[in-house]
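Enquirer:
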Amino acid sequence: MFRTRHLKWVICESCAGNCKREHPAFSNGITSSEWAEWTPEEQETYMSGGYDVACDPCKGTGKVQVPDVSRMSFGEKREYVKYLREEAAERRLSREMAAEIAAERRMGC
Ligand SMILES: [Zn+2]
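As structure tokens, this is what we get:
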């Protein structure tokens, strides 16, 4: 996480500010046969969001704090850009490594 005094709150993208999201077990939806096996009480709980879980990225607050680039000094902006670049490079590297491992597996190593 980039450390800066200049932060702002934005609506959490993961839950759109709703503070909670659907339970991971239901993320692929429910089939009609599964739905039919549920008791009316369970169906009621599901429809009213009773199985929802607190959103992780915003810790159930619906908002997240992000660096506010518009309030940063020039030097801080440069630091932030550097940070973002390093983070992107790290992500790319771990993706490449995962692809390499998968390729080796396919070759039977
Ligand atoms: Zn959230």
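Quick note: the sequence shown uses the numbering used here, first residue 25, plus one each step.
For glycine and all other residues, C-beta sits at the position ideal for the given N, C-alpha and C.
1. In whole angstroms, what separates the C-alpha of Glu111 from that of Lys101?
2. Can you round the beta-carbon distance between Ile35 and Gly86 to whole angstroms, since I take them to be within the 8 Å contact cut?
3. Does DSSP put Trp33 in a helix, in a strand, or in coil?
4. With distances taken from each beta carbon to the nearest heavy atom of ligand 1, which residues come in below 5 Å, in chain order?
5. Rounded to whole angstroms, what is the Cα-Cα separation between Gly99 and Gln89?
6. For Met96 and His47, which I take to be in contact (beta-carbon distance under 8 Å), what is that distance rounded to the nearest angstrom?
7. Measure the beta-carbon distance from Cys79 to Lys44 and round it to whole angstroms, keeping in mind my assumption that it falls under 8 Å.
8. Give me the Cβ distance between Phe26 and Pro81, rounded to the nearest whole Å; I'm assuming they're in contact under 8 Å.
9. Ordered along the chain, which non-local residues of its own chain (more than five positions away) have a Cβ less than 6 Å from that of Ser38?
10. Quick one: give me the first and last residue of the alpha helix (DSSP H) that Lys106 is part of.
Expert: In short:
1. 15 Å
2. 7 Å
3. strand
4. Here the residues come out as Cys36, Ser38, Cys39, Cys79, Cys82.
5. 21 Å
6. The Cβ separation is near 38 Å, so there is no contact.
7. 6 Å
8. So it is not a contact: roughly 16 Å between Cβ atoms.
9. Result list for Ser38: Cys79, Pro81, in chain order.
10. 98-131
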